[in-house]
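Chemist: First the structure, which I've put down as structure tokens, then a few questions once you've had a look.
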Amino acid sequence: MKTVFDEAWKNWIRTNVGNGQDKDGIFKILLDEGYEYRAICHEMNYEPSVALDELVNPFEIQRKNEVRQTANEGVNIDRRKLYIPNAIRLDSDSLELYTLENFLTVDECEKLIQRIRANLRDSTLSSYESDQSYRTSRTCDLARSSDPLLSNIHHRICQLMGIDSAYSEEIQGQYYEIGQEFKAHTDYFETHEMASHAAEKGQRTYTFMIYLNDVEQGGETHFLNVGASFSPRAGTAVIWSSLKPDGSPNADSIHQALPVIAGYKAVVTNWFRSSAGTGH
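First residue of the sequence shown? That's 0 in numbering that gives the first Met the number 0, and the numbers climb one at a time after it.
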């Protein structure tokens with residue numbers, strides 16, 4: 000049994016307790032991760048309100064909703080939607096979308112912005128686009144293997160989604176300066192893009208995007224077909240499915256990053272796929 004929490008786990012505990020997550024659920028997660036009962040009590044300054052055999056891991060239900068690859072079409076998605084504690088679901092029958100405030104702390108956001116600014120490259124598209132102004136942001140590839148902060152954030156995202164990390168892409172950072180934007184697009188791969196982008200890990204399923212700063216003006220994420228628009232607020236996550244319940248692409252997930260008018264905009268994005276790939 001593990002008795003010592005590293006800084007990443009300590010931060011995870013502080014963040015979830017601070018966000019008002021169910022302490023019994025947090026306690027059960029830590030037990031399932033192999034931590035000793037008394038060590039958890041000490042770190043959380045809390046003892047469960049029910050017997051240990053009555054504790055429920057809040058992510059068990061979510062794991063049942065994990066995407067599964069099919070032979071031809073890509074995925075089947077459980078028609079029961081994701082369960083995301085404290086999230087607000089968009090009132091829409093055509094798009095599964097959630098917002099979750101305070102997923103990251105201000106300190107975590109600032110540290111991620113520093114990492115992104117240090118290693119930016121021009122953003123790219125999955126297929127040719129003649130409009131050179133279509134996507135004008137810059138991107139940073141955030142490999143998580145050797146970075147405790149990124150590993151911790153990725154772990155929290157996967158746990159919240161109830162999707163095994165093998166189905167995840169690497170986290171990316173995007174950075175927009177005044178006038179920069181990403182015009183209307185979807186995150187799923189079009190039929191002609193599947194061979195080059197989805198041969199190993201399949202179609203994109205869910206997008207988990209987190210705003211890292213409050214934008215002074217502009218920079219909203221606008222979902223055109225459902226009339227929803229979100230202003231960037233540091234630490235807030237916007238989560239949506241790019242697919243319909245039957246696993247086919249959902250055109251109503253089309254969205255755009257409106258131009259930044261004042262200040263800058265920084266986000267991190269974690270995409271999930273329909274398959275774990277051959278390397279897992």
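Beta carbons are placed, not taken as given, at the ideal position from N, Cα and C, and that holds for glycine. Fair warning: this is a prediction, and the values are worked out from it, not measured in the lab.
1. Which ranges would you report for the beta strand (DSSP E) in the segment 183-224 if only whole runs of at least 3 residues count?
2. Note down the Cα distance separating S228 from F222, rounded to an integer number of angstroms.
3. Using the beta-carbon count (16 or more within 10 Å), is P231 buried or exposed?
4. Within 10 Å of its beta-carbon, does C40 have 16 or more other beta-carbons around it, so buried, or fewer, so exposed?
5. Count the other CB atoms, across all protein chains shown, that sit within 10 Å of the CB of I87; report buried if there are 16 or more and exposed otherwise.
6. Helix, strand or coil, according to DSSP, for Q283 in the structure here?
7. By the DSSP assignment, the alpha helix (DSSP H) with S150 in it spans what residues?
8. Three Cβ pairs or more, each shorter than 8 Å: is that satisfied between the segment 100-115 and the segment 141-154?
9. In angstroms with no decimal places, state the Cα-to-Cα distance between P47 and E53.
10. Please classify T98: does DSSP put it in a helix, a strand, or coil?
11. Mind checking M208: buried by the 16 CB within 10 Å criterion, or exposed?
12. Can you grab the Cα-Cα spacing for the pair G24 / L257, in whole Å?
13. Count the C-beta pairs between the segment 254-274 and the segment 160-172 that are closer than 8 Å, then say yes if the count reaches three, no if not.
14. Using beta-carbon positions only, say whether E32 and K1 come within less than 9 Å of one another.
15. Which value, in whole angstroms, describes the spacing of the CA atoms of R272 and S136?
16. Among Q158, E180, R13 and T204, which one has its Cα closest to the Cα of E95?
17. Can you tell me the Cα-Cα spacing of L242 and A250, whole angstroms?
18. List the endpoints of the continuous alpha helix (DSSP H) containing A38.
19. Can you give the Cα-Cα distance for E192 and A275, rounded to whole angstroms?
20. Using 10 angstroms around the beta-carbon of N15, count the other beta-carbons present and answer buried if the total reaches 16, otherwise exposed.
Modeler: So, from the listed chains and residues:
1. 203-210 and 220-222
2. 6 Å
3. buried
4. exposed
5. exposed
6. With the chain represented from 0 up to 279, any question about residue 283 goes unanswered, as that position is not in the structure.
7. P147 to M160
8. yes
9. 10 Å
10. strand
11. buried
12. 38 Å
13. yes
14. yes
15. 23 Å
16. T204
17. 8 Å
18. Y36 to M43
19. 19 Å
20. buried
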